[in-house]
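Below you'll find the structure, written out as structure tokens, and then a few comments.
Protein chains in written order, with full-length UniProt numbering: chain A, 1 to 417; chain B, 1 to 417.
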């Protein structure tokens, strides 16, 4: 079963808006065993919409459009869809009622004709009621293909996908069972990893697909399997993973729940262990703290952090001794370890992470090469550090250092479990 | 001049990765007067790539592909491109040298054959050297059309677009002169702003376009003019801006250098004034520090920050008196102001920003409603704060608070100039 997603809107093509709708829809479709053949972003233009519909129909069984349903003049999707199916627009009473209700309850202004016209839909469509906005979703079947048109506003689109489109697709098609399992692999590059697991990969049955998803120091390995017998699929994937694990023993960090990042994984463990964390950041500039606190519930284990960007702050605020800095330089293992130890004490936590380095583009307070980063982990009983060269691209250096810091902490937590 | 962007990768079609590459490329192309006709995300599959190339060639003059150039087995773009142009792959000495250099300097492991093979390129292509990674960019011209293939790793792609592709497109095509001027407007919503400047907007000449780019409490107003006479264009845009400024006197924060964010504007001023900044963050969790330090050169004015996430850290590390917290609650003007004053002293700076609030989703150490945020600014002689309700969406609350904090600081700096 193949789908194509068509997102409509000039704002997508001038780089003003990132198309997050198609990601959401693709994920939802994949979960029910529908593969997305293509995602196409097009202009709010009649000829272009007609062309895209025609091309999509040649490849896919399910065509989902988002956007182009607003009341303003540049939105012509609905008329074009009616034309494509040789249909006319008619006023739908239930949609009009929904619009009137929304205006009464939230807008509290007279209903303009452009908004009333949002109740016009192709006569042959089935309306998917959008309770969150004035543009209705539409479902049209023709020649065993399904066409769905949804509003582009993300939360309206999401509600319609979850509550209307997915259940109806399951009813309409005999969807296969699909299974994704993603393994988090840290500390080995994509190509080394590929070389190491090559013979395992080559022996995978053809209904299991493997994807490498590398990102600055970590690789997500995703196994995808599809079939009509759930038990066989699950069993086979598990067996393959069992064969894989010995090959990546030291680098395997766990399975990824859908969207769980490593800091979420760390957070869950710390909550379970009733342990706490603090950070002292130099070159990472607050990004470790920011990534931790971007997760709701982080206050349960994250006590706080220091961003000691200037050398003087490291001595005055964090209490790193001037002697250590003078002897070893501010970018050194000794300073990183002292920062971690002091942060642990200051915030009274079980773990502390510290970073000091030079993210570039120029050398800073020390002679360290651009890209040099020391990362230290302190525990109640120990402190240790590692040094890395993270390249010469400022953003990359910071992101790699953040990933590496989480990786080191995660290893330490696993060790102490 | 029309372009099509093709992004390649199964990860895009299963909803695992959001396609941010095409947004970046679309924006860069629009800046030089190239309109994007379509953005297409396709599978890492030979037949699909060939089909997409053929279709794109029918519509566009410039076809830009990203992704599918990694060393692993799921990456087959390069072979397919060679096939599409009836070409063969040859080893490029300069690319191989670059790969060897990267391995020597950063990877420090033997170079595997799969990585050596990344130096294979179609014989008729011009190599766009990727100094940040092992996959080279490729530029192929055929029948007055330009095909560009770039690695999918965002920062590698970005560097190639900025340093290679855009300058070469300007050389190859007779691009019109395009002028963008962006005004930063804070403290007024999009629709109020639109109503206020409506008659000015209606009187704009038709070759000047206005775009509203709203983002959580700020609106960027972008004027774009296109034409072949640079002087006329510049003159007209300046005249229009002169008419606009009196209408937005109190909310105008300055011009934005292309992508200059407010924290960059603040940084430039602080450098000029030889003044310094520190932060003390609670609910913003390090994001203010992170946004400041994401700019190269921030060490000239940013001394450091504290993330006092736990209430205890506010007293123990930042020295906020327990009495103030008990009397006024940890989410209060008094605590925010005390945090700012103490951070100013601790880091010995001219300015300090502090935040305390509840970003949700649940109430934390205080009774404050979800979304309540106090932001304080301290100077050598003064401290003041404001309270906001920033809604009930965690990520939004944090981002709005960060924007608001920068806005308050910027106002204060302008006042003291």
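All residues carry an ideal CB built from backbone N, CA and C; glycine is no exception.
Keep in mind the model is a prediction, meaning the values are calculated, not measured.
Are there 16 or more other CB atoms within 10 angstroms of the CB of residue i, so buried, or fewer, so exposed?
{"i": "residue 253(A)", "result": "buried"}
{"i": "residue 229(B)", "result": "exposed"}
{"i": "residue 136(B)", "result": "buried"}
{"i": "residue 38(A)", "result": "buried"}
{"i": "residue 414(A)", "result": "exposed"}
{"i": "residue 232(B)", "result": "exposed"}
{"i": "residue 393(A)", "result": "buried"}
{"i": "residue 398(B)", "result": "buried"}
{"i": "residue 379(A)", "result": "buried"}
{"i": "residue 86(B)", "result": "exposed"}
{"i": "residue 11(B)", "result": "buried"}
For a contact meaning CB atoms closer than 8 Å, what does residue i contact in chain B?
{"i": "residue 58(A)", "result": "Result: empty, since nearest Cβ-Cβ is about 10 Å, beyond 8 Å."}
{"i": "residue 40(A)", "result": "38, 39, 40, 41"}
{"i": "residue 306(A)", "result": "304, 305, 306, 307, 317"}
{"i": "residue 396(A)", "result": "132, 155"}
{"i": "residue 389(A)", "result": "105, 106"}
{"i": "residue 27(A)", "result": "14, 15, 16"}
Is residue i close to chain A? Criterion is C-beta to C-beta, closer than 8 Å.
{"i": "residue 72(B)", "result": "yes"}
{"i": "residue 347(B)", "result": "yes"}
{"i": "residue 19(B)", "result": "yes"}
{"i": "residue 221(B)", "result": "no"}
{"i": "residue 368(B)", "result": "no"}
{"i": "residue 109(B)", "result": "yes"}
{"i": "residue 296(B)", "result": "yes"}
{"i": "residue 361(B)", "result": "yes"}
{"i": "residue 357(B)", "result": "no"}
{"i": "residue 115(B)", "result": "yes"}
{"i": "residue 293(B)", "result": "yes"}
{"i": "residue 401(B)", "result": "no"}
{"i": "residue 354(B)", "result": "no"}
{"i": "residue 225(B)", "result": "no"}
{"i": "residue 112(B)", "result": "yes"}
Checking 8 Å against the spacing of the C-beta atoms, do residue i and residue j come in under that value?
{"i": "residue 75(B)", "j": "residue 68(B)", "result": "yes"}
{"i": "residue 208(A)", "j": "residue 239(A)", "result": "no"}
{"i": "residue 309(B)", "j": "residue 302(A)", "result": "yes"}
{"i": "residue 376(A)", "j": "residue 401(A)", "result": "no"}
{"i": "residue 221(A)", "j": "residue 204(A)", "result": "no"}
{"i": "residue 307(B)", "j": "residue 405(A)", "result": "no"}
{"i": "residue 56(A)", "j": "residue 6(A)", "result": "yes"}
{"i": "residue 344(A)", "j": "residue 278(A)", "result": "yes"}
{"i": "residue 282(A)", "j": "residue 356(A)", "result": "yes"}
{"i": "residue 25(B)", "j": "residue 140(B)", "result": "no"}
{"i": "residue 156(A)", "j": "residue 184(A)", "result": "no"}
{"i": "residue 32(A)", "j": "residue 166(A)", "result": "yes"}
Any beta carbon of chain B sitting closer than 8 Å to that of residue i?
{"i": "residue 338(A)", "result": "no"}
{"i": "residue 312(A)", "result": "yes"}
{"i": "residue 379(A)", "result": "no"}
{"i": "residue 185(A)", "result": "no"}
{"i": "residue 123(A)", "result": "no"}
{"i": "residue 194(A)", "result": "yes"}
{"i": "residue 329(A)", "result": "no"}
{"i": "residue 393(A)", "result": "yes"}
Could you pull the DSSP bridge partners for residue i from this structure?
{"i": "residue 302(B)", "result": "277(B)"}
{"i": "residue 376(B)", "result": "354(B), 385(B)"}
{"i": "residue 105(A)", "result": "DSSP lists no partner for residue 105(A)."}
{"i": "residue 307(B)", "result": "305(A), 281(B)"}
{"i": "residue 180(B)", "result": "224(B)"}
{"i": "residue 129(A)", "result": "For residue 129(A), which the question treats as bridged, DSSP gives no partner whatsoever."}
{"i": "residue 38(B)", "result": "42(A), 4(B)"}
{"i": "residue 255(B)", "result": "183(B)"}
{"i": "residue 138(A)", "result": "127(A), 149(A)"}
Starting from residue i, find everything on chain B with Cβ-Cβ shorter than 7 Å and list it in chain order.
{"i": "residue 30(A)", "result": "14, 15"}
{"i": "residue 190(A)", "result": "70, 71, 72"}
{"i": "residue 290(A)", "result": "285, 286, 287, 290"}
List the residues of chain A whose Cβ lies closer than 9 Å to the Cβ of residue i, in chain order.
{"i": "residue 231(B)", "result": "Residues of chain A passing the Cβ test: none, with the nearest at roughly 26 Å."}
{"i": "residue 23(B)", "result": "12, 15, 16, 17, 18, 19"}
Under 9 Å between beta-carbons, which chain E residues line up against residue i? List them in chain order, please.
{"i": "residue 372(B)", "result": "Looking at the structure shown, chain E is missing, and the protein chains on hand are A and B."}
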